[in-house]
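Comments concern the structure below.
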Amino acid sequence: MRLFAAILFSDEVRQTLVLAIDLLKQQVRHGRFTCPENLHVTLAFIGETTRITEAKEALRTAVNLHPGSFPLRLRASGRFNDTIWAGIADSPELSVLAQDIQDELRKQGFFVERRAFRPHITLARRVNCKQIQLPIPAREINVTFVSLVKSEYIDHHLRYTEIYRVNL
Ligand code: 3AM
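Under our numbering, think of the first position of the sequence shown as 276, with each following residue one higher.
This is the structure:
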């Protein structure tokens, strides 16, 4: 299955992001908008694998290196080409956690790309609009767990399913 490690949100945080997506929908003609249950911050992309036990082990080991839950704050929106996202304010805890998860996955033999970690929450892809005005409330998120998420296409719709969770 196709896997990635991510931070998932409470219903309350998702609701804040859904309001931002609604605002975005009013400004663009076309786009593939992230459905509320798929909103997340990717920490490490693992890709297609059958080595689920090893991926869980990497997540557990990385999380055990951390002192506990930590706060994140939503930040202004931005874009990479036609993808629109909500930003995350700089967080050393988040960067170290993502790095440790990636390192532990590599120790377990997974190939994880060495790209700069730019935490974001994808709100929409394939958006055809030059200018958007998308304020994001600077609300705080308390991160209490990290998830292993399965990604699949079902009836042409992207579905993410949490298959494993480790509490911080
Ligand atoms: O958090 P976002 O939505 O940006 O873009 C994909 C999504 O990230 C990314 O993994 C997340 C869950 O699918 N992704 C997909 N293929 C990827 C790849 N080959 C990838 N990230 C890195 N390398």
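Virtual Cβ for every residue (Gly too), placed ideally from N, Cα, C.
- With fewer than 16 other CB atoms across the displayed protein chains lying within 10 angstroms of its CB, Ile429 is exposed.
- Judged by DSSP in its simplified three-state form, Arg289 adopts helix.
- In this structure, the CA atom of Asn442 is about 13 angstroms from the CA atom of Ala281.
- Following the DSSP letters along the chain, one finds Pro367 inside the alpha helix (DSSP H) bounded by residues 367–382.
- When the Cα atoms are used, His341 and Phe392 turn out to be separated by approximately 18 angstroms.
- Residue selection by CB proximity (closer than 5 angstroms to any heavy atom of ligand 1) returns Phe279, Thr317, Phe320, Thr397, Ser426 in chain order.
- Asp375 is classed as buried because its beta carbon has at least 16 other beta carbons within 10 Å across all chains shown.
- Note that the C-beta distance between Ala319 and Gln377 is below 8 angstroms.
- Taking C-beta separations shorter than 6 angstroms and ignoring five residues to either side along the sequence, the partners of Ile296 in its chain run Phe308, Leu398, following chain order.
- Residue environment: His315 is assigned as buried (16 or more neighbouring CB atoms within 10 Å of its CB, all protein chains considered).
- For the pair Arg354 and Ser285, the Cα-to-Cα distance works out to about 24 angstroms.
- Leu334: member of the alpha helix (DSSP H) spanning 327–339, first to last residue.
- Just measuring C-alpha positions, the residue of Trp360, Leu409, Ser426, Gly343 sitting nearest Leu298 is Leu409.
- When the alpha-carbon of Ser426 is set against those of Ile321, Arg289, Thr291, the nearest one is in Ile321.
- The three-state secondary structure of Leu423, taken from DSSP, is strand.
- Cβ neighbours of Phe420 within its own chain (closer than 7 angstroms, five residues either side excluded): Arg440, Val441, Asn442, Leu443.
- The three-state secondary structure of Glu312, taken from DSSP, is helix.
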